[in-house]
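Colleague:
And the structure:
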């Protein structure tokens, strides 16, 4: 089995997802994790027939920036092809927006502004993928864009600020929040995007010291992957 992970910026990698896949034997022998950097390589050359699972990671660009970031247009085609092949797909943050866009939904700048830090997430609908998620939990968010719910998808998560935090379409899932983050990743983002934190008047230490919530979302991520594989 081979997993393809699409990365849009170096700072937004697999995070704890890598640990979860590794613990399940990926990265060893014929079970391979391929991380594809679309900002370095031509994604149109990817042969999806080689893969069984697709992960679309985050990034600071928006789906409407496809003229500025030309790789997005090719990526949309890859994601559409993956959906047509019924590959399991996880889209995280920008990845969820790309998934929504390919499914025909509108993606746009949110009227409520940035959502950064640990926020309450509410489960709206139960599904076998997220059966082990509680009805309410805290997840790490860092976004300003949002999406409309794609047609024929299940609305699974919301927050106080943005209604659409997650959806399931067939065997694919889009998560607006970052379920993959670890402390090092959060610290890196806090330093790299410090202007955004300052503009939102957020205490940087509050982002990186919430170890208990990190442990909890990692346990939810483990159950999600086990239910999708």
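Residue numbers (the working numbering): -13 to 215.
Backbone N, C-alpha and C fix where the C-beta goes; we use that ideal spot for every residue, glycine too.
1) How far does the beta strand (DSSP E) with residue 164 in it extend, from its first residue to its last?
2) Which residues mark the beginning and the end of the beta strand (DSSP E) in which residue 144 is found?
3) Answer yes or no: do residue 85 and residue 20 have a C-beta to C-beta separation smaller than 8 Å?
4) Quick one: what's got a C-beta closer than 8 Å to residue 29's C-beta in the same chain, skipping five residues either side?
5) Shortest alpha-carbon distance to residue 98 belongs to which of 83, 33, 44, 129?
6) Residues in its own chain within less than 7 Å of residue 182 by CB, not counting five upstream and five downstream?
7) Please specify which runs of the alpha helix (DSSP H), each continuous and at least 4 residues long, are wholly inside the stretch -9 to 36, giving them in chain order.
8) Where do the ends of the beta strand (DSSP E) carrying residue 93 lie?
9) Please determine whether the Cβ atom of residue 103 lies at a distance below 7 Å from any heavy atom of the ligand HEM.
10) Buried or exposed for residue 82, going by 16 or more other Cβ atoms inside 10 Å?
11) If you draw a straight line from the alpha carbon of residue 172 to that of residue -2, how long is it in whole angstroms?
12) If contacts are defined as beta-carbon pairs under 8 Å, then residue 93 and residue 49 qualify, I think. What distance do you get, rounded to the angstrom?
13) How should residue 164 be labelled, buried or exposed, when 16 other C-beta atoms within 10 angstroms of its C-beta is the threshold for buried?
14) Does the beta-carbon distance from residue 210 to residue 78 come in below 8 Å?
15) From the DSSP output, in three-state form, read off residue 40 for me.
16) Between the alpha carbons of residue 37 and residue -10, how many angstroms are there, rounded?
17) Of all the options 162, 188, 185, 156, which has the alpha carbon lying nearest to the alpha carbon of residue 70?
18) Assuming residue 90 and residue 136 form a contact by the criterion Cβ under 8 Å, report the distance between their Cβ atoms to the nearest whole angstrom.
19) Do residue 106 and residue 131 come within 8 Å of each other at the CB atom, strictly closer than that value?
20) From which residue to which residue does the beta strand (DSSP E) around residue 84 run?
Modeller: For this structure:
1) Neither: residue 164 is in no beta strand (DSSP E) and is coded neither H nor E.
2) In the DSSP assignment, residue 144 falls within the unbroken beta strand (DSSP E) covering 140 to 145.
3) No. Outside cutoff.
4) -8, 22, 57, 60, 61, 64
5) 129
6) 100, 102
7) 2 to 9
8) Residue 93 -> beta strand (DSSP E) spans 93 to 95.
9) Ligands are entirely absent from the displayed structure, and the ligand HEM is therefore not among its contents.
10) buried
11) 10 Å
12) 5 Å
13) buried
14) no
15) strand
16) Taken atom to atom, the span from the alpha-carbon of residue 37 to that of residue -10 is near 6 Å.
17) 156
18) 6 Å
19) Note that the C-beta distance between residue 131 and residue 106 is not below 8 Å.
20) Run containing residue 84: none in the beta strand (DSSP E); it sits in the alpha helix (DSSP H), 80 to 88.
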